[in-house]
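For the protein sequence lines, the chains are A and B, in the order given. In my numbering, each residue carries its 1-based index in the first sequence increased by 270. In my numbering, each residue carries its 1-based index in the second sequence increased by 270. Cβ coordinates follow ideal geometry from the N, Cα and C atoms, glycine included.
Number of protein chains: 2
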Amino acid sequence: MTTAPDQHRNGHVPAPDLPDRLRAVRGVVFDIDGCLVLGDKPGGHGGRALPGAVDAVAAIRATGRPVVAFTNGSSQVPADIAAGLRLQGFDLADDEVLTPAVVAAEVLAERYGDQPVLVFAGPGLVDVVAAAGVVLADPDRPTDAAAVLVGWDVGFTRDRLQAAAEAIWNGAPMLVASDARRFASASKPMAGVGGFIAQGLSYVTDTEYEVLGKPSDTAMLVAARRLGVAPADVLVAGDDLRLEVSMARRAGGVGVLVTTGVHGRVPVGEIAADQMPDLVVDALSELSARMLLADATASDPVNAPTALPADRVGA
Amino acid sequence: MTTAPDQHRNGHVPAPDLPDRLRAVRGVVFDIDGCLVLGDKPGGHGGRALPGAVDAVAAIRATGRPVVAFTNGSSQVPADIAAGLRLQGFDLADDEVLTPAVVAAEVLAERYGDQPVLVFAGPGLVDVVAAAGVVLADPDRPTDAAAVLVGWDVGFTRDRLQAAAEAIWNGAPMLVASDARRFASASKPMAGVGGFIAQGLSYVTDTEYEVLGKPSDTAMLVAARRLGVAPADVLVAGDDLRLEVSMARRAGGVGVLVTTGVHGRVPVGEIAADQMPDLVVDALSELSARMLLADATASDPVNAPTALPADRVGA
């Protein structure tokens, strides 16, 4: 690995047109774990807000840009995640929290209508798709299923595996909330239950699957739809190059890496081209400051401020 | 797919030196399901002997060649499988039945001695390796484990997955009884639980695994050891080109496909070179007849019989 001598301390030099690109952003997606909060469980549950994150989200929202928080965890329903985030100080409504279940609910309703879907997952996924009107298939009649949806399911049994396999052998496509290999927790790495089930089921059925959560194009589309803007006008901030940054880049949006999570600082030579962040920040307050600066610069391009007014940066 | 006009009805013409090769065989491995018996569950449990199979095994044993039966199922202990086969008429002792658990017991004892091994499997595997003296690791202390052994486990829980993942992340190699995708049953295809767990765990740990059951070289070595002969002197008969035939071929032994199981007849053009059988038979009685003929031919090469004496073929 070689790094150029003029690199930023994060091994990344922002492009000269970054202020223009930040100014053009019309909506923002924040990852939750490692970006907004550090916690012990997926979805920020029981965690603590990262320093400056609450104020940074508020400051960005105050610019008029809608915001959502998007976690790949499917073990909790969005309303519970939103409640937890509000306890930590974030001003986020229930429908401003997205999970793969939200994506699945929209996708399943659009693609399959009234046809039954076999859901191999826990309440965080089942309840959300059922509430959205998706018809759940009878596990005793798996060949009726138009599709199989796989998520985080700690109540795995051989019968569930067999039913899902029979549906897929019968031609039902396989959709997966998230196939992450593992998750960080405060104490130790945790095996990704959803990824475990997805790969095992994919193997026994000899069938490829489609991921609905980050970093899929479908996830980006649903997030942009929730924000009411086009995917190319969205900024995605997160701690995972493969999830948030690559999703933003592929849609033509702005990808921001925060070094408060799984990656920390990454030498630029180790980053794949399609995961190269537009911006690396050590805290979300740096992102909000740069966005405010970009906005301010546009309104007075000749006398661009060299520092932000203190009252707009947040605590 | 093209097939040559001079092909046998099975799409396979035995090589001219086949009698010499059969005569040189010093021990025989029979697959169980689809070769000796047809049943509803792995290991021939509750099944029925295939026509002529009991007499064919007896006839081959009567030539002085030791025989074993080898199933890739690890849900039953060998003694139970042997008892079931004896009920169906096969004269097989408990130690003439092999499973991946038998291979695992030998391999684990040789490689790890007194070091603990974490076993992620049901009684068919756990009991056999424990009885052979392998030390079982405490699931609450997974990082003590020198290796992880995965098999058919319908009592899967998230805790077991997490413990196995922690052992593997800690450097323990991953060994797998069988990673079959699915099994035939009398009513329908059944998802391979061992393959499901193996692939899921391999994915979450980002680790390759070693298969101990058929068609591994280790399985062939343990089978040959049980027969008391060299692997190159072993004939393996079974209904699966990928399992029995390829295992025999790689060891330089004789691979025989019986068309009573999963494959039925296979056009030769569809068979990979390393899975090409030395002989295709529609029943094991044809194999025993050919072996007896080969033996007889050697003792009287000039006046080779054109048909077998009826009293040596079996019923």
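Chain A contact for residue i (CB, 8 Å cutoff)
i, result
"residue 451(B)", "yes"
"residue 479(B)", "no"
"residue 470(B)", "yes"
"residue 408(B)", "no"
Length of the line joining the Cα atoms of residue i and residue j
i, j, result
"residue 366(A)", "residue 399(A)", "17 Å"
"residue 323(B)", "residue 430(A)", "36 Å"
"residue 390(B)", "residue 396(A)", "28 Å"
"residue 519(A)", "residue 546(A)", "8 Å"
"residue 446(A)", "residue 301(B)", "37 Å"
"residue 373(A)", "residue 560(A)", "30 Å"
"residue 449(A)", "residue 565(A)", "38 Å"
"residue 488(B)", "residue 410(B)", "30 Å"
"residue 460(B)", "residue 474(A)", "9 Å"
"residue 361(A)", "residue 425(A)", "33 Å"
"residue 553(A)", "residue 331(A)", "17 Å"
"residue 304(B)", "residue 320(B)", "8 Å"
"residue 285(A)", "residue 556(A)", "16 Å"
"residue 465(A)", "residue 466(B)", "12 Å"
"residue 528(B)", "residue 535(B)", "9 Å"
"residue 428(A)", "residue 463(B)", "7 Å"
"residue 494(B)", "residue 371(B)", "16 Å"
"residue 333(A)", "residue 393(A)", "36 Å"
"residue 348(B)", "residue 540(A)", "51 Å"
"residue 363(A)", "residue 350(A)", "11 Å"
"residue 468(A)", "residue 383(A)", "24 Å"
"residue 504(B)", "residue 356(B)", "23 Å"
"residue 287(B)", "residue 544(B)", "18 Å"
"residue 452(A)", "residue 326(B)", "52 Å"
"residue 291(B)", "residue 352(B)", "29 Å"
"residue 339(B)", "residue 499(B)", "15 Å"
"residue 436(A)", "residue 435(B)", "28 Å"
"residue 542(B)", "residue 293(A)", "59 Å"
"residue 582(A)", "residue 381(A)", "Low local confidence applies: a pLDDT of 38 at residue 582(A) is under 50, so the model's placement there is unreliable, with the coordinate-based value given in what follows. Those two C-alpha atoms are separated by around 44 Å."
Cut-off 8 Å between Cβ atoms - residues of its own chain near residue i, not counting five sequence neighbours on either side
i, result
"residue 318(A)", "307, 308, 309, 358"
"residue 502(A)", "521, 522, 523"
"residue 377(B)", "445, 482, 488, 492"
"residue 386(B)", "405, 406, 407, 408, 414, 415, 416"
Neighbouring residues, chain B, relative to residue i (Cβ below 8 Å)
i, result
"residue 412(A)", "Going along chain B, no residue has its Cβ under 8 Å from residue 412(A), so there is no contact; the nearest lies around 11 Å."
"residue 431(A)", "461, 463, 466"
Partners in chain B for residue i, counting only beta-carbon separations shorter than 7 Å
i, result
"residue 541(A)", "Within 7 Å Cβ-Cβ: nothing; residue 541(A) doesn't reach chain B, min ~19 Å."
"residue 428(A)", "424, 463"
"residue 476(A)", "451"
Residues of its chain near residue i, where Cβ-Cβ distance is below 7 Å and the 5 sequence neighbours each way are ignored
i, result
"residue 403(A)", "379"
"residue 274(A)", "Because residue 274(A) sits at a pLDDT of 39, beneath the cut-off of 50, its placement in the model cannot be relied upon, and the following sentence gives the value as read from the coordinates. There are no such residues."
"residue 375(B)", "398, 399, 402, 404"
"residue 344(B)", "369, 370, 371, 391, 394, 395, 421, 422, 447, 448, 464"
"residue 512(A)", "485, 545"
Minimum Cβ-Cβ distance from residue i to chain B less than 8 Å
i, result
"residue 443(A)", "no"
"residue 382(A)", "no"
Under 9 Å from the C-beta of residue i: neighbouring residues of chain A
i, result
"residue 459(B)", "435, 436, 439"
Nearest residue (CA-CA) to residue i, options the options
i, options, result
"residue 550(B)", "413(B), 515(B), 425(B)", "515(B)"
"residue 458(A)", "449(B), 440(B), 393(B)", "440(B)"
"residue 510(B)", "383(B), 425(B), 341(B)", "341(B)"
"residue 417(B)", "479(B), 368(B), 452(B)", "479(B)"
"residue 442(B)", "498(B), 422(B), 471(B)", "471(B)"
"residue 423(B)", "346(B), 496(B), 494(B)", "346(B)"
"residue 335(B)", "295(B), 352(B), 385(B), 326(B)", "295(B)"
"residue 558(A)", "297(A), 285(A), 490(A)", "297(A)"
"residue 337(A)", "428(A), 506(A), 527(A)", "506(A)"
"residue 587(A)", "484(A), 356(A), 436(A)", "Nothing can be reported for residue 587(A): it is not among the residues displayed for chain A, which extend from 271 to 585."
"residue 412(B)", "420(B), 433(B), 421(B)", "433(B)"
"residue 388(A)", "364(A), 421(A), 363(A), 356(A)", "421(A)"
"residue 486(A)", "435(A), 496(A), 517(A), 497(A)", "517(A)"
"residue 497(A)", "353(A), 530(A), 299(A), 436(A)", "299(A)"
Close-in-space but distant-in-sequence residues of the same chain around residue i (CB under 6 Å, 5 per side omitted)
i, result
"residue 548(B)", "524, 525"
"residue 438(A)", "418, 444, 475, 477"
"residue 508(A)", "301, 305, 514"
"residue 490(A)", "501, 517, 521"
Residue i at chain C interface by Cβ criterion, 8 Å
i, result
"residue 503(B)", "Checking the listed chains, one finds no chain C in this structure; the protein chains it contains are A and B."
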